[in-house]
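Here's the structure, in structure tokens; my notes come after.
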Amino acid sequence: MQLTYYGHACFSVVVGGKTLLFDPFIRPNELAQHIDIASIKADYVLLSHGHGDHVADALEIARNNNAKIIANYEIASWYAEKHQYPNYHPMNHGGSWRFEFGAVKYTYATHSSVLPDGTYGGNPGGFLITSDEGNFYYSGDTALTMDMKLIPMFASLRFAVLPIGDNFTMGVDDALIAANFIDCSTIVGVHYDTFGFIKIDTLAAQQKFAQQQKQLLLPAIGETIQL
Ligand code: NI
Ligand code: MN
Numbered sequence: 002m003q004l005t006y007y008g009h010a011c012f013s014v015v016v017g018g019k020t021l022l023f024d025p026f027i028r029p030n031e032l033a034q035h036i037d038i039a040s041i042k043a044d045y046v047l048l049s050h051g052h053g054d055h056v057a058d059a060l061e062i063a064r065n066n067n068a069k070i071i072a073n074y075e076i077a078s079w080y081a082e083k084h085q086y087p088n089y090h091p092m093n094h095g096g097s098w099r100f101e102f103g104a105v106k107y108t109y110a111t112h113s114s115v116l117p118d119g120t121y122g123g124n125p126g127g128f129l130i131t132s133d134e135g136n137f138y139y140s141g142d143t144a145l146t147m148d149m150k151l152i153p154m155f156a157s158l159r160f161a162v163l164p165i166g167d168n169f170t171m172g173v174d175d176a177l178i179a180a181n182f183i184d185c186s187t188i189v190g191v192h193y194d195t196f197g198f199i200k201i202d203t204l205a206a207q208q209k210f211a212q213q214q215k216q217l218l219l220p221a222i223g224e225t226i227q228l
């Protein structure tokens with residue numbers, strides 16, 4: 002599978018010939034000014050929760066591509082009702098749905114969620130994607146949580162995308178425990194270095210993972226990697 006990183010917690014993965022874009026926050030990100038959102042292709046836009054650093058560019062990119070927005074019920078309904086965006090799929094925790102590229106399960110996250118205009122954003126979540134090409138998990142913004150131990154019961158993962166920036170989410174040490182909970186040795190780190198509160202020592206982080214025979218991948222913003 003091919004993953005492209007767009008900064009902060011935004012990335013896309015090509016699965017089954019479809020491009021899944023997660024948590025687009027690009028134009029407000031000072032580190033991602035070289036990314037032109039008009040050039041971003043997406044068949045689906047998946048939103049883990051309603052915070053601005055995850056949804057800022059969702060509507061524009063979805064409209065540019067007539068992409069389907071996949072999010073919890075409250076967020077999907079907000080796009081449908083407030084923005085009259087017709088192409089959406091609402092989910093809630095523990096539920097799965099089979100799309101043309103594979104299946105999506107909306108998983109538990111320990112965080113908060115409110116939409117940019119103050120609308121209640123429901124409970125935050127993550128996504129487990131299963132497909133013929135392999136499976137991956139994006140936890141969304143979350144603390145380390147015991148619920149992650151459920152993930153290996155649902156699917157064996159080729160890779161996972163986890164926040165590592167601390168303060169608002171797990172930091173590196175907890176993400177390493179999470180990697181053990183989900184039984185995955187290839188982790189793509191996100192949600193770090195964007196703001197002052199989440200700046201980390203990336204080299205030290207990668208060394209901590211390597212000491213446990215795990216890989217912490219930190220692609221450059223705009224870089225595409227094969228997984
Ligand atoms: Ni958040
Ligand atoms: Mn966030």
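All residue numbers for the sequence shown refer to the working numbering, where the first residue is 2 and numbers rise by one. Just so it is clear, CB atoms sit at the ideal spot from N, CA and C, and this is done for glycine as well.
Check your understanding: Whose C-alpha, out of Ser13, Glu134 and Val105, is nearest the C-alpha of Ile62?
Key -> Ser13
Check your understanding: Helix, strand or coil: how does DSSP classify Phe1 here?
Key -> Outside the displayed span of the chain (2 to 228) sits residue 1, for which this structure offers no information.
Review point. Pick from Pro25, His35, Pro29 and Ala156: whose alpha carbon is nearest that of Ser49?
Key: Pro25
Check your understanding: What residue range is occupied by the uninterrupted alpha helix (DSSP H) comprising Val56?
Key -> Gly53 to Val56
Review point. Ends of the beta strand (DSSP E) at Val191?
Key: Its beta strand (DSSP E) spans residues Thr187 to Val191.
Check your understanding: Residue ranges of each beta strand (DSSP E) run of no fewer than 3 residues wholly in the stretch 75-100, ordered along the chain?
Key -> Fully enclosed beta strand (DSSP E) runs of no fewer than 3 residues occupy 89-92 and 97-100 of the stretch 75-100, in order along the chain.
Practice item. Thinking Gly51 and Ser140 are a contact (beta carbons under 8 Å), I'd like their distance in whole angstroms, please. Key: Ser140 and Gly51 do not touch by the CB rule: their CB atoms are close to 16 Å apart, not below 8 Å.
Check your understanding: Would a C-beta distance cut-off of 8 Å place Gly103 and Val16 closer than the cut-off?
Key -> Yes, Cβ-Cβ distance for Gly103 and Val16 is below 8 Å.
**Study point:** Selected residue, minimal CA-CA separation from Trp98, among Ser40, Ile130 and Leu217
**Key:** Ile130
**Study point:** Own chain partners of Ser78 with C-beta closer than 7 Å, once the 5 adjacent residues on each side are dropped
**Key:** Pro91
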